[in-house]
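Chains as they are written, first to last, in our numbering: chain A, 1 to 389; chain B, 1001 to 1389. Beta carbons: idealized from backbone N, C-alpha and C, even for Gly. All figures in this text were calculated on a predicted structure; none of them were measured in a lab. This report concerns only the one structure given below.
Protein chains: 2
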Amino acid sequence: MNSAISSTLSATAAPTDTVRSGLEGVLAAETRLSRVDGQRGQLTIAGYAVQELAPHVSFEALVHLLRQDRLPEQAELEALRAAIASQRALDPITVELLRQAARCGAAPIDALRLGLSALCLEGEPSPERLFGALPSVVAAYARLQAGLEPVAPDASLGCAGSFLLQLRGQRTRPEDERALETYWNTVADHGLNASTFSARVIASTGSDLGSAIAGALGALKGPLHGGAPGPALAALLALRAQPGDLAENTRRWVTAELAAGRRILGFGHRVYKVRDPRADVLKSAAARLLAGTDLLASAESHEAAVLEALRRAKPDRAIATNVEFYTALLLHGLGFEPALFTCIFALGRVAGWLAHVTEQTARGRLIRPDALYVGAEGRSLLHGATAAH
Amino acid sequence: MNSAISSTLSATAAPTDTVRSGLEGVLAAETRLSRVDGQRGQLTIAGYAVQELAPHVSFEALVHLLRQDRLPEQAELEALRAAIASQRALDPITVELLRQAARCGAAPIDALRLGLSALCLEGEPSPERLFGALPSVVAAYARLQAGLEPVAPDASLGCAGSFLLQLRGQRTRPEDERALETYWNTVADHGLNASTFSARVIASTGSDLGSAIAGALGALKGPLHGGAPGPALAALLALRAQPGDLAENTRRWVTAELAAGRRILGFGHRVYKVRDPRADVLKSAAARLLAGTDLLASAESHEAAVLEALRRAKPDRAIATNVEFYTALLLHGLGFEPALFTCIFALGRVAGWLAHVTEQTARGRLIRPDALYVGAEGRSLLHGATAAH
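Structural data, given as structure tokens:
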């Protein structure tokens, strides 16, 4: 057993009638997909340290690793790329639906779930269909929202390259594809986070892949899970636009936010007690992407000032930059609108969701916890004065 | 603490590093909504025994009970009925979408999730909108599948009455409305079942109501959760159509199914060790509905023969008829196609889902269990022979 789990457990050891409303320290599954060691600040993806793996393999190779528990040979990788590439086209019904959603002003993550529901009308989607079509839904919706027509996928490109093409309408620089793949690889799996756990709970009933992924998308949408990169970026950009010294502005802002009882998004993590290893991977990726701009220097100055102000305000807590902060910087550097960040996250995390669903289905045990009843006792219709039946 | 929970816990007491892949005996929430006492065969809904409550109050009164922790006064009940009734109309986009889904031959539960996604395009749906519009989606889809046009709702009717009108195209007998309300009341809430738990996990991220309900629908669709009433009925009807004595046919069939390693759907429950109290409520309701037909007698004969054969095959287990069996009989008696059963279940259970989401949101704790990592250790790209990056 790894040290993160044992220390979490001993910290929450409690009588068995204790309600664990966050399920902290409860081992709800075995997994060979990833290990989150919050005490040491380590994330292992199928045996590889995330910082070694994420910047160096393609997204398709990572998908293969999660599915097969080993990186692919060249021929296997090409076969998987081709299988996914053949599944990217959206049928006219789905495109029409996204057009209507754009007219309604739907949030991209809602449009993605709608598109997923439409894909499921064809029958239960295969993993290849989901890897192929979900990026097409996101790209098509972003263009429709901007008043542009969807762009056809390119089967000669990988997931990241085709997605960027479908979004922008033109071929992109290799470094953009690399940055997006590094991001997707970094966030592809992360233990039993709430969206992955949602997918496993749904899959545990024997339900289909589309249902599990729809549930996971719903959880990812929540501000406590997948919703933080947008606000983390907004704060940096707003403070950077203010007159005066950025670090000084940042320190003042942190103090004011804490005084108002608000959290500083992009900093601190429920699991990681030291630095989130994903933040380093994404910082390096963002640095490569943003080389020659001063946004990176601003981000570093802002990060240092936030951490200094937070540590002064809460000296007993170990607070570190989390994955959201450099996610925001990286995705901003790639030209994505903040409104799209949660969808981009989903397109990487879906690799973990699908692999977890496969694990859950192989175990085949319905997930059904108990609740502690704290409600009324011994009521009867005969006693009550109410006639409201 | 109630006896069901304590005995479940003592039965599963284990070292803290044990993986509880089904989360049995883990108290994942406090709730005032319902208590499931599997040892005594009791289900309490906000303080009332289900068998006293379900047959005697309207579905709207039950919704009020779950929301406010008390049954409504007459004026409150009328206000809630009116608020829900005003939210039943579907916009043309949703109807068109359902029409396309019907052309694709989508399962009703998939069409319901699609319709829910479409409703969410209007903005986050209120509970009243969900109580009003979800039955309209189910009724419209069933008619479109049958080549008929949707029927407008009737704001003078309650949830059950308007749903039956929208489904059938004509006013129904009061006893049909009563039977459907009794069914919905009986299944409205049942502890932390997998769909309710899915809704709570999703809501715990701060996500919206539509996301939580979409996830719950996905879980309900699974054959281990909401999918059993159809097959339970199919077996009865098939055996009843065979020549010879029904009880004898049933016994032979059970023996053959068990020999083939299959479960007998409609019998046995993971939680209830004695008779499921909901089965009695639904049996009485079905008996009233089916008075004058011989289907009820067949069902009782079939039930007795199944139980006899199961008890002979597994003498050490307490096996009882579960809620699915009489659900199937009741819904069949109301004229619903088996393909629609899971949707009808959802229209009742949504009352519990919404109340649980409210409870979960009030507690505001992200549900994030741990996993035990059992995968590879110490892999490195430098060691591997693979060049597949």
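Query	Result
Nonlocal neighbours in the same chain, by C-beta distance under 7 Å from A1054/B, ignoring five residues either side	T1182, N1185, T1186 and V1281
Contact residues within the stretch 189-206 of chain A, judged by C-beta distance below 7 Å to chain B	G191, L192, N193, A194, F197, S198, V201, I202, S204, T205 and G206
Nearest-angstrom Cβ-Cβ length linking V357/A and A199/A, presumed shorter than 8 Å	6 Å
Coarse secondary structure for S1086/B, derived from DSSP in three states	coil
Contact with chain A by T1327/B, beta-carbon distance below 8 Å	no
Segment contact flag, the stretch 1188-1203 of chain B with the stretch 214-227 of chain A, C-beta cutoff 8 Å, min 3 pairs	yes
Exposure label - K221/A; buried when at least 16 CB within 10 Å	buried
Under 7 Å from the C-beta of E377/A: neighbouring residues of chain B	G1047
G292/A classed as buried or exposed, judged by whether at least 16 other C-beta atoms fall within 10 angstroms	exposed
Beta-carbon gap between G1123/B and L1097/B smaller than 8 Å	no
For L27/A, three-class secondary structure by DSSP	strand
Collapsed DSSP secondary structure at I1264/B in the structure displayed	coil
Environment of V137/A [buried if 16+ CB atoms lie within 10 Å]	buried
Cα-Cα separation between A305/A and A1362/B, rounded to whole angstroms	34 Å
First through last residue of the beta strand (DSSP E) which encompasses R1035/B	S1034 to D1037
Same chain, Cβ closer than 7 Å to R311/A, five either side skipped, listed in chain order	I319
CB of R1349/B within 8 Å of CB of A1188/B, strictly	yes
Sub-8 Å separation of T1094/B and L1077/B beta-carbons	no
Short-range partners of chain A found in the stretch 1356-1375 of chain B, where Cβ spacing is below 8 Å	R1363, R1365, L1366, I1367, R1368, P1369, D1370, A1371, L1372, Y1373, V1374 and G1375
Residues that DSSP places opposite Y1373/B in a beta bridge	T31/A
Residues of the stretch 1336-1350 of chain B with Cβ closer than 8 Å to any Cβ of chain A, in chain order	none
CB contact check: R1171/B to chain A, cutoff 8 Å	no
Simplified DSSP assignment, three categories, for A49/A	strand
C-beta atoms of T1327/B and P1229/B nearer than 8 Å	yes
Closest by C-alpha distance to L165/A, when choosing among G335/A, D370/A, L381/A and A355/A	G335/A
Three-state secondary structure (DSSP) of L217/A	helix
Interface flag, L1033/B vs chain A, CB-CB below 8 Å	yes
Below-8 Å beta-carbon distance, R20/A vs any chain B residue	yes
Beta-bridge partners of H1056/B, as assigned by DSSP	H1056/B pairs with nothing; no bridge assigned.
Alpha helix (DSSP H) segments (min. 4 residues) lying fully within the stretch 1155-1215 of chain B	1159-1168, 1174-1187 and 1194-1203
Chain B contact for L381/A (CB, 8 Å cutoff)	yes
Residue from D1154/B, C1159/B and A1179/B whose Cα sits closest to the Cα of G1169/B	D1154/B
Range of the contiguous alpha helix (DSSP H) that encloses A1305/B	L1295 to A1313
Q1042/B - DSSP class collapsed to helix/strand/coil	strand
Any C-beta of chain A under 8 Å from that of K1283/B	no
DSSP state of R1103/B mapped onto helix, strand, coil	helix
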